[in-house]
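Engineer: One line per chain: the protein sequences are A and B, in this order. Throughout the first sequence, residue numbering follows our numbering, covering 1 to 236 in sequence. Throughout the second sequence, residue numbering follows our numbering, covering 1001 to 1236 in sequence. We put the beta carbon where it would ideally sit given N, CA and C, even for glycine. Source: prediction; values computed, not measured.
2 protein chains.
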Amino acid sequence: MPPATAAPYQRVKQYLKQGLARGRWAAGALMPSEAELVARFEVSRMTVNRALRELQSEGLVERVQGVGTFARSLDAVSSTLTISDVHEEILSRGHSHEARVHLAREEEASVSVAAQLSLTPGERVFHTRIVHLENGVALQCEDRWVNPAEAPDYLQHDFTQVTPTQILFASTQLWRAVYHIEASRPTRLEARLLGIAANAPCLVVVRRTFSRIGPITAVRLVHPGDRYMLQGEFAP
Amino acid sequence: MPPATAAPYQRVKQYLKQGLARGRWAAGALMPSEAELVARFEVSRMTVNRALRELQSEGLVERVQGVGTFARSLDAVSSTLTISDVHEEILSRGHSHEARVHLAREEEASVSVAAQLSLTPGERVFHTRIVHLENGVALQCEDRWVNPAEAPDYLQHDFTQVTPTQILFASTQLWRAVYHIEASRPTRLEARLLGIAANAPCLVVVRRTFSRIGPITAVRLVHPGDRYMLQGEFAP
DNA sequence: CAGTGGTCTAGACCACATA
DNA sequence: ATGTGGTCTAGACCACTGT
Chain A
1 MPPATAAPYQ RVKQYLKQGL ARGRWAAGAL MPSEAELVAR FEVSRMTVNR ALRELQSEGL
61 VERVQGVGTF ARSLDAVSST LTISDVHEEI LSRGHSHEAR VHLAREEEAS VSVAAQLSLT
121 PGERVFHTRI VHLENGVALQ CEDRWVNPAE APDYLQHDFT QVTPTQILFA STQLWRAVYH
181 IEASRPTRLE ARLLGIAANA PCLVVVRRTF SRIGPITAVR LVHPGDRYML QGEFAP
Chain B
1001 MPPATAAPYQ RVKQYLKQGL ARGRWAAGAL MPSEAELVAR FEVSRMTVNR ALRELQSEGL
1061 VERVQGVGTF ARSLDAVSST LTISDVHEEI LSRGHSHEAR VHLAREEEAS VSVAAQLSLT
1121 PGERVFHTRI VHLENGVALQ CEDRWVNPAE APDYLQHDFT QVTPTQILFA STQLWRAVYH
1181 IEASRPTRLE ARLLGIAANA PCLVVVRRTF SRIGPITAVR LVHPGDRYML QGEFAP
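1. Taking Cβ to Cβ, would you say B:L1203 is nearer than 7 Å to B:Y1228?
2. Just to check my reading of the structure: B:L1221 and B:Q1116 have Cβ atoms closer than 8 Å, yes? What is that Cβ distance to the nearest angstrom?
3. Determine the chain A residues that contact B:L1030 at a beta-carbon separation under 8 Å, and present them in chain order.
4. Considering only C-alpha positions, which residue in the set B:L1168, B:I1196, B:P1224 is nearest to B:D1085?
5. Quick check on DSSP: helix, strand or coil for A:G19?
6. Report the three-state DSSP secondary structure of A:G41 (helix, strand or coil).
7. Give me, in chain order, the residues of the same chain whose beta-carbon lies closer than 7 Å to that of A:H223; leave out the 5 immediate sequence neighbours on both sides.
8. Do three or more CB pairs link the stretch 20-39 of chain A to the stretch 47-55 of chain A at distances below 8 Å?
9. Quick one: grab the DSSP three-state call for A:Q231.
10. Between the alpha carbons of B:N1147 and A:S112, how many angstroms are there, rounded?
11. Kindly list, in the order they appear in chain A, the residues whose Cβ is closer than 8 Å to that of B:H1180.
12. For B:S1184, which beta-bridge partners are listed by DSSP?
13. Quick one: list the residues of chain A neighbouring B:A1183, beta-carbon separation under 7 Å, in chain order.
14. Do we get a CB-CB distance below 7 Å when we pair A:Q140 with the residues of chain B?
15. My output table needs one value for B:I1216: the three-state DSSP class, helix, strand or coil.
16. Where do the N-terminal and C-terminal ends of the beta strand (DSSP E) with A:V101 fall, by residue?
17. For the putative contact between A:V199 and B:N1199, defined by C-beta atoms under 8 Å, what is the C-beta separation to the nearest angstrom?
18. In this structure, does DSSP put B:V1012 in helix, strand or coil?
19. Please report how far the alpha carbon of A:F41 lies from the alpha carbon of A:G232, in whole angstroms.
20. Beta-carbon of B:A1021 versus every beta-carbon of chain A: anything under 7 Å?
21. Going straight from the alpha carbon of A:T163 to that of A:V205, what length do you get?
22. So, for B:H1102: in the same chain, excluding its five sequence neighbours on each side, which residues have a beta-carbon less than 6 Å away from its beta-carbon?
23. Kindly indicate which residue of A:V12, A:Y9, A:D226, A:T209 has the alpha-carbon position closest to the one of A:S118.
24. Name the one or two DSSP bridge partners that B:H1223 has.
25. Can you find a C-beta in chain B that's less than 7 Å from the C-beta of A:R192?
26. In this structure, how does DSSP classify A:H157 when only helix, strand and coil are distinguished?
27. When the cut-off is 7 Å and only beta carbons count, does A:Q161 lie next to chain B?
28. Just the chain B side, please: which residues come within less than 8 Å of A:R212 by C-beta, in chain order?
29. Name the two residues that bound the continuous beta strand (DSSP E) containing A:I196.
30. So that I know if they touch, is there some Cβ in chain A lying closer than 7 Å to that of B:A1026?
31. Is the Cβ-Cβ distance between B:A1151 and A:F234 less than 7 Å?
32. With a cut-off of 7 Å, does the C-beta of A:W145 fall near any C-beta of chain B?
33. CB-CB under 8 Å to A:E106, same chain, minus the five flanking residues each way: which ones, in chain order?
34. Which residue wins for smallest C-alpha separation from A:G225, given the options A:Q166, A:E108, A:I181, A:R207?
35. Can you pull the chain B residues whose beta carbon is under 8 Å from the beta carbon of A:Q65, in chain order?
36. In chain A, which residues lie less than 7 Å from B:S1057 when you measure between Cβ atoms?
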């Protein structure tokens, strides 16, 4: 369906991409200058400039003012890893999702929770603990703490019908998130809620999200290692 | 150090980004058209077009020809996850790296290895098994199979001095990679090589990389759960 | 039809690096 | 001084959408 004649900037891009894929320019090698490409493709400089800028933002080339454009080595396989809403994820596999709410209340922030949400220990925080089941099998234990200042009506929802992620996306402005992924054993409580052995390996995702003002939420997602996997792909 | 007067396209971008962060345009809302921004900032259309195109490639807005530009909801926290070379990673922490080579040979591809590398079972493959130590502590057990067609001299290296990743980046043209991350127990062999308990949770990364022609390598990286963690960040 | 984004041009001025 | 990239302009034509 693409038109027989691709846009000029696309043709330039493709020419350079192919050359990179075929090793015409080794990593670090000097690539054609904008002027050369203008001559070769008989287009304006803005056009080749756009092609090169996009390759740069894709991480394929490096440009240095006053010097030139260089082929970049893909010395780090980097990929976009998407951590999406459990509900969507399960439905997208064509399976059924059920949420069991084990806890949904206001409590006093512990020292560690306070630190994560930039509160002082003892301040009020919302705390929910929900187990998500895929086709009746426990997939994830979600322990979440929410800064009341960011989502005052967080607890006024029916968590069996809507996930915390959905609530928070709708009611707050996400600005930044940090996370880490590790393998560890579940706590005793988590093991019981997930119905797994106490020493079963689990994939644990810990994530904190922030609005422009401050922390919104901290969450610990525990998945039985044999039921969950993160996947990704990288392609230029 | 940035000049007092940022580039016009940067000013336009920043104006829009701030508006998005502050909720001036809710997710899905119609944003100013190019013409409006041209008038407001008194710049040419190419300039606001660039600002909008970049926001689009950053995933912050969605543009529909003939309709308009819309604020996107960040309904999936996605982040670039970088899987880098162990050697670099350890050195960047200021620690020492040591590689213990337990295996480096040519062997016949098993059914599963053959499938991963698009070979037929029984064909020759290179197989290395290396344990990487950080400050003397085992951090990663790397089991790697390499397609000889892509890197014929793979085995002619001293793996205590250079990592397979470095060799393969230098000698092949990476085109595509797929991976998954899971938590599981180590095999008995891996537990022994890493010096951990047989039921210790491990973070396992399985990755396959491809050139334009075909599979280059398949690798299984096993990390003791209490010594390794993947980290990431997301920010607009 | 009018309004939107998609793209291109032919020139321009600037900052920077190298010789 | 020359060559490189960084950026901007004022206009243009097109494809698409909705009324």
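Structural biologist: Answer, in terms of the structure:
1. Position 203 of the second sequence holds residue 1203 of chain B. Position 228 of the second sequence holds residue 1228 of chain B. It is a contact, given that the beta carbons lie within the stated cut-off.
2. The residue labelled residue 1221 of chain B in the question sits at position 221 within the second sequence. The residue labelled residue 1116 of chain B in the question sits at position 116 within the second sequence. So it is not a contact: roughly 14 Å between Cβ atoms.
3. Locating residue 1030 of chain B in the second sequence gives position 30, counting from the first residue. Here the premise fails: no neighbours, minimum Cβ distance about 18 Å.
4. Here the question's residue 1085 of chain B lines up with position 85 in the second sequence. Answer by Cα proximity: B:L1168.
5. In the first sequence, the residue the question calls residue 19 of chain A occupies position 19. Judged by DSSP in its simplified three-state form, A:G19 adopts helix.
6. The count along the first sequence starts at 1 and reaches residue 41 of chain A at position 41. Going by the sequence as given, residue 41 of chain A is Phe instead of Gly. Helix.
7. Position 223 of the first sequence, counted from the start, is the residue given in the question as residue 223 of chain A. Cβ within range, chain order: L139, Q140, C202, L203.
8. Of all C-beta pairs linking the stretch 20-39 of chain A to the stretch 47-55 of chain A, three or more are shorter than 8 Å, placing the two stretches in contact.
9. Residue mapping note: residue 231 of chain A aligns to position 231 of the first sequence, counting from 1. Of the three classes helix, strand and coil, the one that applies to A:Q231 here is strand, per DSSP.
10. Along the second sequence, read from residue 1 onward, the residue named residue 1147 of chain B stands at position 147. Along the first sequence, read from residue 1 onward, the residue named residue 112 of chain A stands at position 112. Taking the straight line from one Cα to the other gives about 48 Å.
11. Position 180 of the second sequence, counting from 1, holds the residue named residue 1180 of chain B. Chain-order list of chain A residues neighbouring B:H1180: M229, L230, Q231, G232, by C-beta distance under 8 Å.
12. If you number the second sequence from 1, residue 1184 of chain B lands on position 184. When beta bridges are read from the DSSP output, B:S1184 appears opposite B:C1202.
13. The residue given as residue 1183 of chain B occupies position 183 in the second sequence. Per Cβ cutoff of 7 Å: A183, P201, C202, L203, G225.
14. The residue labelled residue 140 of chain A in the question sits at position 140 within the first sequence. Contacts with chain B at 7 Å (Cβ-Cβ) do not include A:Q140.
15. Mapped onto the second sequence, residue 1216 of chain B falls at position 216. In the three-state scheme derived from DSSP, where H, G and I count as helix and E and B as strand, B:I1216 is classed as strand.
16. As a working note, residue 101 of chain A is residue 101 in the first sequence. Looking at the DSSP string, the run of the beta strand (DSSP E) that includes A:V101 is 97-108.
17. Locating residue 199 of chain A in the first sequence gives position 199, counting from the first residue. Locating residue 1199 of chain B in the second sequence gives position 199, counting from the first residue. The question names Val, but residue 199 of chain A in the sequence shown is Asn. Distance from A:N199 to B:N1199 at the Cβ level is roughly 5 Å; contact confirmed, criterion being Cβ atoms closer than 8 Å.
18. The count along the second sequence starts at 1 and reaches residue 1012 of chain B at position 12. The answer is helix: DSSP assigns B:V1012 an H, G or I state.
19. Mapped onto the first sequence, residue 41 of chain A falls at position 41. Mapped onto the first sequence, residue 232 of chain A falls at position 232. Approximately 36 Å, taken between the alpha carbons.
20. For this step, residue 1021 of chain B is matched to residue 21 along the second sequence. Chain A, which has a Cβ nearer than 7 Å to the Cβ of B:A1021, makes this yes.
21. Locating residue 163 of chain A in the first sequence gives position 163, where the first residue counts as 1. Locating residue 205 of chain A in the first sequence gives position 205, where the first residue counts as 1. Their backbone Cα atoms lie some 17 Å apart in a straight line.
22. The residue labelled residue 1102 of chain B in the question sits at position 102 within the second sequence. Result list for B:H1102: R1129, in chain order.
23. Start at 1 with the first residue of the first sequence, and residue 118 of chain A comes out as number 118. Of all alpha-carbon atoms in A:V12, A:Y9, A:D226, A:T209, the one lying nearest the alpha-carbon of A:S118 is that of A:T209.
24. Numbered from its first residue, the second sequence carries residue 1223 of chain B at position 223. In the DSSP output, where bridge partners are listed per residue, B:H1223 has B:L1203.
25. Residue mapping note: residue 192 of chain A aligns to position 192 of the first sequence, counting from 1. Nearest CB-CB separation between A:R192 and chain B: not below the 7 Å threshold.
26. To locate residue 157 of chain A, count along the first sequence from 1; it is residue 157. Note: A:H157 maps to coil in three-state DSSP.
27. For the purposes of this step, residue 161 of chain A is taken as residue 161 along the first sequence, with counting starting at 1. Chain B contact via Cβ: absent.
28. If you number the first sequence from 1, residue 212 of chain A lands on position 212. Within chain B, the residues near A:R212 are A1021, R1022.
29. As a first step, residue 196 of chain A is located in the first sequence; it is residue number 196 there, counting from the start. For A:I196, no beta strand (DSSP E) segment is defined, and its DSSP state is neither H nor E.
30. For the purposes of this step, residue 1026 of chain B is identified with residue 26 of the second sequence, where counting begins at 1. The C-beta of B:A1026 comes no closer than 7 Å to any C-beta of chain A.
31. Taking the second sequence and counting its residues from 1, one reaches residue 1151 of chain B at position 151. Taking the first sequence and counting its residues from 1, one reaches residue 234 of chain A at position 234. Their beta carbons are not under 7 Å apart, which means B:A1151 does not touch A:F234 by this criterion.
32. Position 145 of the first sequence holds residue 145 of chain A. At a cut-off of 7 Å between C-beta atoms, A:W145 does not count as an interface residue with respect to chain B.
33. Taking the first sequence and counting its residues from 1, one reaches residue 106 of chain A at position 106. Non-local C-beta neighbours of A:E106 in its own chain, meaning closer than 8 Å and more than five positions away in sequence, comprise R124, V125, F126, H127, P148, L155, ordered along the chain.
34. What you label residue 225 of chain A is simply residue 225 of the first sequence in a count that begins at 1. Taking only the C-alpha atoms, the option nearest A:G225 is A:I181.
35. Start at 1 with the first residue of the first sequence, and residue 65 of chain A comes out as number 65. Near A:Q65 there are no residues of chain B at all, since even the closest Cβ is about 13 Å away, more than 8 Å.
36. Along the second sequence, one-based indexing puts residue 1057 of chain B at 57. Neighbours of B:S1057 in chain A, taken as residues whose beta carbon is under 7 Å from its own, are S57 in chain order.
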